[in-house]
Each structure stands twice: as C-alpha cells, then as structure tokens.
Amino acid sequence: MKLLKRIMLPTLMTVASVHVHAQSVQQELMTETFDELDLFSPKEFQVIDIKKQISKVIASQIQALTPRLQTMMSEQRLSIPLQASLMSGRAAEQVNVASSYTRMLKGLNVNNNAIFQLRLADSAMLAPWSSGEKPLIAFAPKGDDTSWLYIEAYDHDGNVHLLDAQTMPLQPVLIVEIDGRKSAREGLAIMQSIFAQNQDTETSAIITSSENDADVLSTSNLKRIRLNDDKEPWISGNAEIYAVVTGVSPTRDEPILDIVDMPYLDNDGRDYTPNQTLIHWNRYRWQAADVLLMEQDDNTNYQTLATTFLDIVTQAMRAIPDPNVQGYAIIPQLTNQLIKAMPAHWFSNDDDYVDVFYTLFEGQNYNNHMGASGNAKVTIKPLNINPR
1152 MKLLKRIMLP
1162 TLMTVASVHV
1172 HAQSVQQELM
1182 TETFDELDLF
1192 SPKEFQVIDI
1202 KKQISKVIAS
1212 QIQALTPRLQ
1222 TMMSEQRLSI
1232 PLQASLMSGR
1242 AAEQVNVASS
1252 YTRMLKGLNV
1262 NNNAIFQLRL
1272 ADSAMLAPWS
1282 SGEKPLIAFA
1292 PKGDDTSWLY
1302 IEAYDHDGNV
1312 HLLDAQTMPL
1322 QPVLIVEIDG
1332 RKSAREGLAI
1342 MQSIFAQNQD
1352 TETSAIITSS
1362 ENDADVLSTS
1372 NLKRIRLNDD
1382 KEPWISGNAE
1392 IYAVVTGVSP
1402 TRDEPILDIV
1412 DMPYLDNDGR
1422 DYTPNQTLIH
1432 WNRYRWQAAD
1442 VLLMEQDDNT
1452 NYQTLATTFL
1462 DIVTQAMRAI
1472 PDPNVQGYAI
1482 IPQLTNQLIK
1492 AMPAHWFSND
1502 DDYVDVFYTL
1512 FEGQNYNNHM
1522 GASGNAKVTI
1532 KPLNINPR
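Just add 1151 to wherever you are in the sequence shown, counting from 1, and you've got the working numbering.
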C-alpha cells in the first residue's frame, strides 16, 4: 500500500499540474481573443458573456453568412452547429477559442468539437428571412428567466435591439446557445463517472455479479411521463431533462446516486411513452429509492455539479447515527438535503429543479403518479429482465 501511494502521488500531482496549465492556456487565449470578457466573474456568468461576444461576431458577418445558413436550415432543422468553418478571418478563431474555453467552464472535455449552435427562434421566421429581411442575433441573458423583461439582440451594424422576453418577435432572430443535447450527453456521462468512482468496490462487485448471474434483474420501467407547461421565454430552447436516482448502498452506509438521461423529453405539456428503465433495484438497499428530476441549462459545470451532489448526500448520510434504525425513511432525508442545499443560482437558468418522487418501492405500480411539486406526472411499472 505504501508503495502504491508513492507511485500514485507523483502521478496525481502531474495530472493536476497539467490540468492547471491547460486552464491557464485557455484563459490566456480568451483574454487575447475577447478583451471585454471578465475572467474573474463566476463561471456561469462567463458562459453568458461568451454568448454575448459570439453574438456580436455573428452579427458582424451575418450578411455574408445568410446564404449558407439558409441552405442549412429548414422547418425540420432550425438549429445548426456553430462551427469555425462557417466563419471567415478572425471570427473563425474567435468561435474556436470560445468553444474550447466554454467546454472547460462546463467541466467537459476540451476539444475542437463545437459546443455552440445557432437556432432560428421560430419556423415562421423562415419566410421573411428568405424574402430578404435581415435577422437579429440574440442570446439568453443572466438571471432567473421568470424575471426577464428584454432580450438583447444585435443587428449587422452592431446596434443593440431590446426584444420583449415573453413575446415571440416577428423579425427573424438567430439565437447563440449551447448545443443542449451534445452538452447533456457528454456532461451526464461525466457525472455518472464521478458517481461511480465514489461507489465502494464491494457494492460494485455485488452489482456486477448480479448483472452477470442467471438471476432475474429487477427494474422499474418508466412507461409514461408528462411535464407541466412552465411558460418559458421564447428564447429558451427545448428542455434537456435528466433524473438523479438517490438511495443507499446495499453493502455500506453510503449513498448511491445514478443518472438517467431523458433526451426525448424536450417539450412541456405533452405525454411521452419512453418505456425506459428508470431504476435498477440491485443497486439500492430496502428496495426503495427517490427520483429527482432536473433540467439542464447552458451554464452548468458538470464536474462541480456531480461532486456537489455527492458531498451533500454523503454529509447528510454521516449525520444519521444508525441508518438501519430508520430504514428507507432516511432516503427522503438525503434527497431533501440535496434540494435545500442547492445554491440559489441553480434556480437562475442553470440546472433547475423540476420535481421529486419520494420513496418509490421495488415491484410497485405507480399510475399517473404526481411528483411532490406537482410539475411532473409519471406511470412506472415493475419490469423483470430474464437472463439470456
């Protein structure tokens, strides 16, 4: 063990120093590329400021970009990746640098894979845009979206236009935003990886053994889900919803967290029938778990979010003297601590709490079951998966 520590410590120090150096390089590039950006502001504000700077860049080139954008967009495809190859001159470099730096801010792998996209606000804007009406370039502002009054947008001359946040404009508007699906796919994988690293080896062995044995795998299947219409401003794109399943390890007094991505759940006010496995019961003690629904937004750092989630539920678990005395009743306590401890800015167009389903049991049917906050309704049924 001492030898292992002597080997691992220099390796960890090297990895950390490389990471710090990479961050320093990215910050230096951003300073050189966007001198108006405040690198000392909170990360979530920096993401918004970067979108503002990119909006100005796009607006300055929109006349040259328009023919190509119009061939790429259609009623079925209102958004396209904001690749550097779309731009010319210095603007191409600005888009590349902004994308890489934003990836770092969000805790994603830093590469040249575009993280931003351009989206036409509404399909009804295609006709006037095709007829020659010049589009404005906009971005979602800071703060709680329920308090937004105006949306800032730029024209091709760099003039600022203030658009009503609640009324869809008639003039074509292109929105600079994070590609939510790409960001969620990469970010949720990182979160699950962090959760898995926290899982004790004994639990991992039991779970792996159960999955490999000839035993029936007990799960709960999400048959139907509906979210209430929350009347988001027109500039907000489709929702990117995911679930955090919370429970207790079957082998130790430690919390278990799992991520369930819900990429199909992009619109409020309609029913979805995903037939999706929601809970693997071999992972949880007492055959009980909670399900917390969250909405991913542009400004999230997934690594920070995952480690914060873990820290909160771990500390809450350690504050309970003897978990076995209370049994499954402690699971809602963990979930409530998670909800209560969420920083205020998580409710300001970062990852937003949607709803929570407390104390779901193995083998139970839940028909049109409302969440505690009344924002989501689900039908969940038990599903036993037979071995091959």
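Ideal Cβ placement from N, Cα and C applies to all residues, glycine included. Predicted model, so just to flag it, every value in this text is computed and none were measured.
From what residue to what residue does the alpha helix (DSSP H) around K1203 run? Walking along the sequence shown from the start, residue 1203 turns up at place 52. Start and end: K1194 to M1223.
Are the segment 1428-1435 and the segment 1397-1415 touching by the rule of at least three beta carbon pairs closer than 8 Å? Touching, yes, given that three or more Cβ pairs across the two stretches are closer than 8 Å.
Counting only the same chain and skipping the five closest in sequence on each side, list residues whose C-beta sits under 7 Å from that of P1232. Within the sequence shown, numbered from 1, the residue matching residue 1232 stands at position 81. Same-chain partners within the cutoff: A1265, Q1268 and D1330.
Going straight from the alpha carbon of H1172 to that of L1180, what length do you get? As a position in the sequence shown, residue 1172 is number 21, starting the count at 1. As a position in the sequence shown, residue 1180 is number 29, starting the count at 1. Any reading at H1172 must be qualified, since the residue scores a pLDDT of 48, below 50, and its modelled position is unreliable; the value itself is stated next. Whole-angstrom Cα-Cα distance: 12 Å.
Under the three-state DSSP convention, the category M1276 falls into: Looking up residue 1276 in the sequence shown gives position 125. Residue state, collapsed to three classes: helix.
Spatial neighbours of N1518 within its chain, please: C-beta separation below 8 Å, excluding the five flanking residues on both sides. Taking the sequence shown and counting its residues from 1, one reaches residue 1518 at position 367. Counting only Cβ-Cβ distances below 8 Å, and skipping sequence neighbours, we find T1530.
In whole angstroms, what is the alpha-carbon distance linking Q1447 and D1295? Walking along the sequence shown from the start, residue 1447 turns up at place 296. Walking along the sequence shown from the start, residue 1295 turns up at place 144. Cα to Cα, Q1447 sits roughly 14 Å from D1295.
Check the Cβ-Cβ distances between P1292 and every residue of chain B, and say whether any is below 8 Å. No chain B appears in this structure, which consists of one protein chain only.
Put F1346 into one of helix, strand or coil per three-state DSSP. Within the sequence shown, the letter at position 195 stands for residue 1346. Secondary structure at F1346: helix, using DSSP grouped into helix, strand and coil.
With a 10 Å radius around its C-beta and 16 neighbouring C-beta atoms as the bar for buried, classify A1356 as buried or exposed. For the purposes of this step, residue 1356 is taken as the residue at position 205 of the sequence shown. Bear in mind that a pLDDT of 49 at A1356, under 50, signals an unreliable position, so the number given afterwards is only what the model happens to contain. With fewer than 16 neighbouring CB atoms inside 10 Å of its own CB, A1356 falls in the exposed class.
Please determine, among T1455, L1256 and I1407, the residue with the shortest C-alpha to C-alpha distance to D1200. For the purposes of this step, residue 1200 is taken as residue 49 along the sequence shown, with counting starting at 1. Looking at T1455, L1256 and I1407, the one whose alpha-carbon comes closest to that of D1200 is L1256.
Could you name the residues of the same chain whose beta carbon sits closer than 8 Å to that of R1421, not counting the 5 residues immediately before and after it, in chain order? Position 270 of the sequence shown, counted from the start, is the residue given in the question as residue 1421. Counting only Cβ-Cβ distances below 8 Å, and skipping sequence neighbours, we find R1377.
Would you mind working out which of D1441, Q1427, V1411 and E1383 sits nearest N1418, comparing C-alpha positions? Locating residue 1418 in the sequence shown gives position 267, counting from the first residue. The candidate whose alpha carbon is nearest that of N1418 is E1383.
Measure the CB-CB distance between V1367 and Y1393 and report whether it falls below 8 Å. On the sequence shown, residue 1367 is found 216 positions in, with the first residue counted as 1. On the sequence shown, residue 1393 is found 242 positions in, with the first residue counted as 1. Taking 8 Å as the Cβ cut-off, V1367 and Y1393 do not qualify as a contacting pair.
According to the neighbour-count rule (16 or more other Cβ atoms, all chains shown, within 10 Å of its Cβ), is V1327 buried or exposed? The sequence position of residue 1327 within the sequence shown is 176, counting from 1. Result: buried.
Collapsed DSSP secondary structure at N1372 in the structure displayed: In the sequence shown, the residue the question calls residue 1372 occupies position 221. Three-state DSSP puts N1372 in a strand.
Leaving out five residues on either side along the sequence, give the residues of the same chain with a beta carbon under 6 Å from the beta carbon of S1499. Residue numbering aside, residue 1499 sits at position 348 when the sequence shown is read from its first letter. Only weak support exists for where S1499 lies, its pLDDT of 44 falling under 50; the coordinates are left without a value.
Integer Cβ distance of Y1305 from A1210, believed to fall under 8 Å: Position 154 of the sequence shown, counting from 1, holds the residue named residue 1305. Position 59 of the sequence shown, counting from 1, holds the residue named residue 1210. Indeed they touch by this definition, with Cβ atoms about 4 Å apart.
For V1399, list the residues DSSP reports as bridge partners. To locate residue 1399, count along the sequence shown from 1; it is residue 248. Its beta-bridge partners are P1406.
Can you tell me which residues form a DSSP beta bridge with L1271? By one-based count along the sequence shown, residue 1271 stands at place 120. For L1271, which the question treats as bridged, DSSP gives the partners L1325.
Report the three-state DSSP secondary structure of K1293 (helix, strand or coil). Locating residue 1293 in the sequence shown gives position 142, where the first residue counts as 1. K1293: coil per DSSP, three-state reduction.
Hey, could you find the ends of the alpha helix (DSSP H) M1255 is sitting in? Stepping through the sequence shown from its first residue, residue 1255 is reached at position 104. Secondary structure note for M1255: its alpha helix (DSSP H) is the uninterrupted segment R1241 to L1256.
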